[in-house]
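Everything below concerns the one structure shown next.
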Amino acid sequence: MGEWDVRLLTASYSRGDNDGIVVELFGKTRDGRSITLRKTGFRPYFHVAAPPEDVLPYVQGKDDFLGIEPVDLFLINKGRVQKCSKVIIKFPWAVPQYRSELKRQGMEVFAADIPFHHRFIYDNDLPACFTARGEEIKGDYTTDLVVNLRGFTEIPPFTPKLKILSFDIENSITDETIYTICYVIKDESGVRAGEPVVGTEKEMIERFTEVIQMEDPDVITGYNIDGYDIPFIMERAKKYGIDELKWGRDRSNPRRVMNKFWRCTGRLIADAWWAVKIEIKPKQETLNAVSKSLLGEEKLDVDMKMKVGEDYDPRAIDKEWLNNRDKVLAYCTRDAELALKILGKVGRIRKGMDLAAVSRMPVDDVLNSGSSQLIDAIMIRAADRHAPQVAVPLTGNYDDDEENAIEGGYVHEISPGVYHWVCVLDFKSMYPSLIISRNICFTTRDDRGTIVSPLGVHFLSKEQQPGILPSILSDLMRRRDETKALAKKAKDPEEAHYYDGLQGAIKILMNSFYGVFASSFYRFTDRSIGGSITAFARETTKGIIKSLSDEGVNVIYSDTDSVFVQSPHENLEGSLSFGKELATRFSKEGGSLEFEKIMEPLFSHGKKKRYVGRMVWPKEELIIRGYEVRRTDSFDLQSESLMTVFEFIMDGKTDEAVKAARSYVQDTLAGKVPLEKLVISKGCRKFNEYANPDAQATVQTAKKLMEMGYEFVPGMKVSWIVTNFRRKPQEVQPYISGQEFTYAPDYRYYAERLAQTLSRATEVFGWGEKDLLNGNQQANLFDYGPEEDRPKINLEQVRKTDKKLSLDDFM
Numbered sequence: 008m009g010e011w012d013v014r015l016l017t018a019s020y021s022r023g024d025n026d027g028i029v030v031e032l033f034g035k036t037r038d039g040r041s042i043t044l045r046k047t048g049f050r051p052y053f054h055v056a057a058p059p060e061d062v063l064p065y066v067q068g069k070d071d072f073l074g075i076e077p078v079d080l081f082l083i084n085k086g087r088v089q090k091c092s093k094v095i096i097k098f099p100w101a102v103p104q105y106r107s108e109l110k111r112q113g114m115e116v117f118a119a120d121i122p123f124h125h126r127f128i129y130d131n132d133l134p135a136c137f138t139a140r141g142e143e144i145k146g147d148y149t150t151d152l153v154v155n156l157r158g159f160t161e162i163p164p165f166t167p168k169l170k171i172l173s174f175d176i177e178n179s180i181t182d183e184t185i186y187t188i189c190y191v192i193k194d195e196s197g198v199r200a201g202e203p204v205v206g207t208e209k210e211m212i213e214r215f216t217e218v219i220q221m222e223d224p225d226v227i228t229g230y231n232i233d234g235y236d237i238p239f240i241m242e243r244a245k246k247y248g249i250d251e252l253k254w255g256r257d258r259s260n261p262r263r264v265m266n267k268f269w270r271c272t273g274r275l276i277a278d279a280w281w282a283v284k285i286e287i288k289p290k291q292e293t294l295n296a297v298s299k300s301l302l303g304e305e306k307l308d309v310d311m312k313m314k315v316g317e318d319y320d321p322r323a324i325d326k327e328w329l330n331n332r333d334k335v336l337a338y339c340t341r342d343a344e345l346a347l348k349i350l351g352k353v354g355r356i357r358k359g360m361d362l363a364a365v366s367r368m369p370v371d372d373v374l375n376s377g378s379s380q381l382i383d384a385i386m387i388r389a390a391d392r393h394a395p396q397v398a399v400p401l402t403g404n405y406d407d408d409e410e411n412a413i414e415g416g417y418v419h420e421i422s423p424g425v426y427h428w429v430c431v432l433d434f435k436s437m438y439p440s441l442i443i444s445r446n447i448c449f450t451t452r453d454d455r456g457t458i459v460s461p462l463g464v465h466f467l468s469k470e471q472q473p474g475i476l477p478s479i480l481s482d483l484m485r486r487r488d489e490t491k492a493l494a495k496k497a498k499d500p501e502e503a504h505y506y507d508g509l510q511g512a513i514k515i516l517m518n519s520f521y522g523v524f525a526s527s528f529y530r531f532t533d534r535s536i537g538g539s540i541t542a543f544a545r546e547t548t549k550g551i552i553k554s555l556s557d558e559g560v561n562v563i564y565s566d567t568d569s570v571f572v573q574s575p576h577e578n579l580e581g582s583l584s585f586g587k588e589l590a591t592r593f594s595k596e597g598g599s600l601e602f603e604k605i606m607e608p609l610f611s612h613g614k615k616k617r618y619v620g621r622m623v624w625p626k627e628e629l630i631i632r633g634y635e636v637r638r639t640d641s642f643d644l645q646s647e648s649l650m651t652v653f654e655f656i657m658d659g660k661t662d663e664a665v666k667a668a669r670s671y672v673q674d675t676l677a678g679k680v681p682l683e684k685l686v687i688s689k690g691c692r693k694f695n696e697y698a699n700p701d702a703q704a705t706v707q708t709a710k711k712l713m714e715m716g717y718e719f720v721p722g723m724k725v726s727w728i729v730t731n732f733r734r735k736p737q738e739v740q741p742y743i744s745g746q747e748f749t750y751a752p753d754y755r756y757y758a759e760r761l762a763q764t765l766s767r768a769t770e771v772f773g774w775g776e777k778d779l780l781n782g783n784q785q786a787n788l789f790d791y792g793p794e795e796d797r798p799k800i801n802l803e804q805v806r807k808t809d810k811k812l813s814l815d816d817f818m
């Protein structure tokens, strides 16, 4: 029997001998080898809220029925323990049929929508990293090792070096023929370009499959391979009678899951385009734009490309392939290389590994799942091990009823103006703290409880009965503190970076719990719990603000995330001591605050979540929230002009800020601005998903790009310039970097948008939207009276509200 330290990457299952099911765990060993771990003997099961004698008539006699066992379960919706049944069957794929049949009979079914490989992981409490014990065998897998798993022991998380294959295809626009598939490999030895795959289409598709099997990468990437390259290759493969690409480590076909992502058994498919969209949300998503922005590098300069918006004319590919094949191959290889670099730069895989370590899940599931599945991984394990065992509800048991939506946190509104030496304290950790201190959980909601929320919901105290949710969050808090301590003690930057990423992942997961429990779709959702948490939070926030106000401290602003307090000290040292003292004083049970930053100065035009400040501690950085510089669908001139105005305001030069705003608007009206600064980019969905597609600028642009020969993939951002806003619908023309734009922009439209944007900053100083458009201030009645009679903005007056949080109404 051998032993191997393993990082779990993906998990799956297959049908084995004698109707058995084989659980397959794919990972990477500490010494860099790929490994397949096989485990037999585990069977699918689910629970029914009825005793065996009531359930048996509906399940016995079925070919795949194996047995039924009595089990006592705590039912969340009833708040009590009930006699239930555990139904065991042969095959995971048969569970939905049983579930539907029993529900038709009026029975309540539990834990019948948990993926089988997740069920195995939960039941065995399998961690992200472990020492596997078993016998090495031969099997039809591409991994270095194939092992029959006998047991495992948890070990601290480690990060192995993954082997990554990045690829790109070039194909004809006229007849869709694939010309080449090019790829690069990154492994422990560095980055190397593979031999470009050429030949007939059938030969290329088969050869590329051989490359994947031979190289055996842990990760397959590329730029928009999710929406273009993979489905394109699969479609061309069908034409030549190739039913399966056999890219998986078990030689299985890549498969689309819920029309959302690709799964390739044993490997991670991590599209660099999706990584960019998720992690940095750029204004322009083309490979060239992202490469220049992130890497300071560009694609090779050839006059062709087939993917939408990739900066070259796609219709030239056929001619280019005939006349300059080597250049096309170099170009294609370069694209694959850039995608690989981008994936590494945004840190998507590393972040996935950190979250996998915290949630105790395969990296593949973390990369392709939302917060609810990560919380499931922790909650279901805890529910199964709780005494009494808690029945796991099905997902989506609750309706999204807007009338009963949970009221949000307390908002202390900000008055317009400039503030100095502002201390910001983070409230986000307050939610986990409240859950722990008030013992809030579906297992503790009980009319006998001594803890009563402002909504009148009763919870048992910790002494009466510890809750599952508080226990989980307490453990996560402890682990985060330990990990932060390890980061501080790290011997080198790489080790510090690792522990910092891990503690960040724990924080993300901790702060996700409240949002998931307050949602309408989560399996453990309970509105009385989510509502009680925010009610306690509002109460705590108001108490902190009242205490500070009573002491004469100016509370500038607060929302669900943070509180902004003006320091009485006009220097960094004094403000730092003041902020730390506040955090310590109010970080009592149920009201944990973290001293986050100091800003000097801070500006807002008086709307919630809309401010700009110059952070001076813990590092120097300009912080902008809510304004167009952070919107991906704003045009560059909008962002750049607003940044200039903000910089003047931060420097105390308000006259220069107004002057700059006037100049930007007037120059735009006169057409004295570069065309590329007017480009608007936005994602375009499938056309039929819009109520009125032709009225959408995105759809107009996408259709025109398709007419020009570009491939459009739903979800991709498209770029355009508005040429006539007064037409209904407005007229727009595609903008393609590197190609001449032959239309006249609607400068009036851009000037009006610019004035609207900049006036949000300048109106505080007396210059509104119309003033900027006119180039001078409009006189009003007050302008002719004494200065002391003119209305003034009271920067000390702070408005307060208890109203429900609503959608952002700023823009």
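So the sequence shown is numbered by this note's numbering: it starts at 8 and just counts up by one. Where a beta carbon is used, it is the ideal one built from N, C-alpha and C, also for glycine.
Check residue i in the structure and name its three-state DSSP category.
i	result
residue 119	coil
residue 518	helix
residue 210	helix
residue 820	Given a span of 8 to 818 for the chain in the structure shown, any question on residue 820 remains unanswerable.
residue 398	coil
residue 794	Only weak support is given to the placement of residue 794: the predicted model assigns it a pLDDT of 39, under 50, and the value that follows is read from those uncertain coordinates. The answer is helix: DSSP assigns residue 794 an H, G or I state.
residue 18	strand
residue 718	strand
residue 97	coil
residue 52	strand
In terms of residues, what are the limits of the beta strand (DSSP E) holding residue i?
i	result
residue 339	No beta strand (DSSP E) holds residue 339; the alpha helix (DSSP H) holding it covers 332-353.
residue 34	28-36
residue 200	197-200
residue 562	562-565
residue 159	152-161
residue 571	569-573
residue 42	41-46
Should residue i go down as buried or exposed, given a rule of 16 or more other Cβ atoms within 10 Å for buried?
i	result
residue 267	exposed
residue 282	buried
residue 186	buried
residue 361	buried
residue 302	exposed
residue 161	exposed
residue 718	buried
Do you know offhand how far residue i's Cα is from residue j's?
i	j	result
residue 566	residue 616	8 Å
residue 218	residue 513	38 Å
residue 64	residue 96	15 Å
residue 213	residue 252	8 Å
residue 104	residue 246	35 Å
residue 645	residue 165	45 Å
residue 532	residue 91	22 Å
residue 54	residue 88	14 Å
residue 122	residue 372	11 Å
residue 781	residue 726	30 Å
Between which two residues does the alpha helix (DSSP H) harbouring residue i extend?
i	result
residue 704	704-714
residue 297	294-301
residue 282	279-286
residue 305	Premise fails: residue 305 is in no alpha helix (DSSP H) and is neither H nor E.
residue 147	Per DSSP, residue 147 belongs to no alpha helix (DSSP H) and is neither H nor E.
residue 740	Element bounds for residue 740: not the alpha helix (DSSP H) but the beta strand (DSSP E), 738-741.
Starting from residue i, follow its DSSP beta bridges and name the residues at the other end.
i	result
residue 260	Residue 260 pairs with nothing; no bridge assigned.
residue 243	Residue 243 is not bridged to any residue.
residue 622	606 and 628
residue 12	138
residue 89	80
residue 189	175
residue 233	Answer by DSSP bridge pairing: none, since residue 233 is not bridged.
residue 690	724
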